[in-house]
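*Asks:* I'd like to ask some things about the structure below.
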Amino acid sequence: MALEATDLAVQAGEFLTLLGPSGSGKTTLLPMISGLVAPSARRIEIDGRDVTHIEPGKRGIGMVFQSYALFPHMSVWDNVAYGLRMRRKSRDEVRAAVDGALAMVRMSEYAKRFPKELSGGQQQRIALARCFAYRPSVILLDEPLGALDKKLCEHMQSEIRRLQGARRNLRVRDARSG
Ligand SMILES: Nc1ncnc2c1ncn2[C@@H]1O[C@H](COP(=O)(O)OP(=O)(O)OP(=O)(O)O)[C@@H](O)[C@H]1O
Ligand SMILES: [Mg+2]
Numbered sequence: 048m049a050l051e052a053t054d055l056a057v058q059a060g061e062f063l064t065l066l067g068p069s070g071s072g073k074t075t076l077l078p079m080i081s082g083l084v085a086p087s088a089r090r091i092e093i094d095g096r097d098v099t100h101i102e103p104g105k106r107g108i109g110m111v112f113q114s115y116a117l118f119p120h121m122s123v124w125d126n127v128a129y130g131l132r133m134r135r136k137s138r139d140e141v142r143a144a145v146d147g148a149l150a151m152v153r154m155s156e157y158a159k160r161f162p163k164e165l166s167g168g169q170q171q172r173i174a175l176a177r178c179f180a181y182r183p184s185v186i187l188l189d190e191p192l193g194a195l196d197k198k199l200c201e202h203m204q205s206e207i208r209r210l211q212g213a214r215r216n217l218r219v220r221d222a223r224s225g
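Counting from 48, one number per residue, gives the positions in the sequence shown under my numbering.
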């Protein structure tokens with residue numbers, strides 16, 4: 048996978064959308080920002096701090112994958128709880144955040160199901176809930192509404208805008224430009 052030189056600056060509170068033809072590298076860029084893939088050149092800064100070599104879990108970034116990437120062996124509820132448990136939140140905090148996130152995506156009644164028992168759009172909503180539940184301050188979404196019908200799509204758009212508490216600056220820049 049190769050990306051052409053990319054310069055990108057996102058201001059705190061900004062909602063930025065990458066548009067481009069299929070195969071142009073949109074999906075390739077996101078794991079570099081979140082830290083799953085290391086760029087061979089250039090660097091990533093969050094709030095002015097170089098995070099290019101910081102591991103994903105320590106960047107405070109939430110990501111929703113185009114393919115959802117739900118954990119197949121975990122129930123819906125456990126999928127959504129994952130990020131909170133990783134961050135060692137208390138039982139009560141986990142319960143409140145998971146129940147809130149499931150309500151937001153209108154999936155509360157599916158908490159006990161497993162991913163393979165859900166439709167594509169339902170899986171996509173769980174992926175969104177899993178990401179939002181622990182309130183990451185930078186959120187990367189790879190075509191997060193593609194599997195939803197018009198009504199759910201509009202609902203999720205307004206929820207995403209409402210939840211957009213992101214208040215950090217993100218920069219992808221040339222390593223040489225300082
Ligand atoms: N695992 C891989 N190994 C080799 N090449 C890859 C791999 N994944 C993607 N590519 C190539 O990298 C390029 C960019 O792919 P990417 O998935 O980032 O595109 P995209 O802009 O997200 O497209 P889409 O809109 O279809 O999701 C494509 O030419 C693709 O064929
Ligand atoms: Mg893509």
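Cβ coordinates follow ideal geometry from the N, Cα and C atoms, glycine included.
What you are looking at is a predicted structure, and each value in this text was computed from that prediction instead of being measured.
How many whole angstroms separate the CB atoms of Q171 and A194, which I take to be in contact at a CB cut-off of 8 angstroms?
*Replies:* Against the sequence shown, residue 171 aligns to sequence position 124. Against the sequence shown, residue 194 aligns to sequence position 147. Rounded, the Cβ-Cβ distance is 5 angstroms, consistent with contact.
*Asks:* Return yes when the C-beta of Q171 is under 7 angstroms from any heavy atom of ligand 2, and no when it is not.
*Replies:* Within the sequence shown, the letter at position 124 stands for residue 171. Not so, every heavy atom of ligand 2 lies at least 7 angstroms from the Cβ.
*Asks:* Report buried or exposed for M43, applying the criterion of at least 16 other Cβ atoms within 10 angstroms of its Cβ.
*Replies:* Nothing can be reported for residue 43: it is not among the residues displayed for the chain, which extend from 48 to 225.
*Asks:* Go ahead and pull the three-state DSSP assignment for L149.
*Replies:* Start at 1 with the first residue of the sequence shown, and residue 149 comes out as number 102. Three-state result, L149: helix.
*Asks:* To the nearest whole angstrom, what separates the beta carbons of K73 and G67, a pair I think is in contact under 8 angstroms?
*Replies:* As a first step, residue 73 must be located in the sequence shown, where it is residue number 26. As a first step, residue 67 must be located in the sequence shown, where it is residue number 20. With a Cβ gap of about 6 angstroms, K73 and G67 count as contacting.
*Asks:* Would you say I101 and I80 are within 8 angstroms of each other, going by their C-beta atoms?
*Replies:* Numbered from 1 along the sequence shown, position 54 holds the residue referred to as residue 101. Numbered from 1 along the sequence shown, position 33 holds the residue referred to as residue 80. Going by C-beta atoms, I101 is not nearer than 8 angstroms to I80.
*Asks:* Is it the case that the stretch 154 to 163 contacts the stretch 88 to 105, given that we only count it when at least three CB pairs across the two stretches are under 8 angstroms?
*Replies:* The stretch 88 to 105 is not in contact with the stretch 154 to 163.
*Asks:* As an exercise, report each continuous beta strand (DSSP E) stretch of at least 3 residues that is fully enclosed by the stretch 85 to 111, in chain order.
*Replies:* As far as the stretch 85 to 111 is concerned, its whole beta strand (DSSP E) runs of at least 3 residues are 90 to 93, 108 to 111.
*Asks:* Going by beta carbon distance, what residues of the same chain come within less than 8 angstroms of L131, once the five residues before and after it are set aside?
*Replies:* Here residue 131 refers to the residue found at position 84 of the sequence shown. Excluding residues within five positions, the ones whose Cβ falls inside 8 angstroms are E140, V141, A144, V145, A180, Y181.
*Asks:* In the DSSP assignment, the beta strand (DSSP E) including A116 goes from what residue to what residue?
*Replies:* Within the sequence shown, numbered from 1, the residue matching residue 116 stands at position 69. Neither: A116 is in no beta strand (DSSP E) and is coded neither H nor E.
*Asks:* Looking at ligand 1, does it come within less than 7 angstroms of T53, judged from the CB to the closest heavy atom?
*Replies:* What you label residue 53 is simply residue 6 of the sequence shown in a count that begins at 1. T53: no, Cβ never under 7 angstroms from ligand 1.
*Asks:* Using a C-beta cutoff of 8 angstroms, does R160 count as contacting chain C?
*Replies:* As a matter of chain content, chain C is missing from the structure shown, which is built from one protein chain.
*Asks:* Buried or exposed: which applies to R177, given that a residue is buried once 16 or more other Cβ atoms fall within 10 Å of its Cβ?
*Replies:* Looking up residue 177 in the sequence shown gives position 130. Buried: at least 16 other Cβ atoms inside 10 Å.
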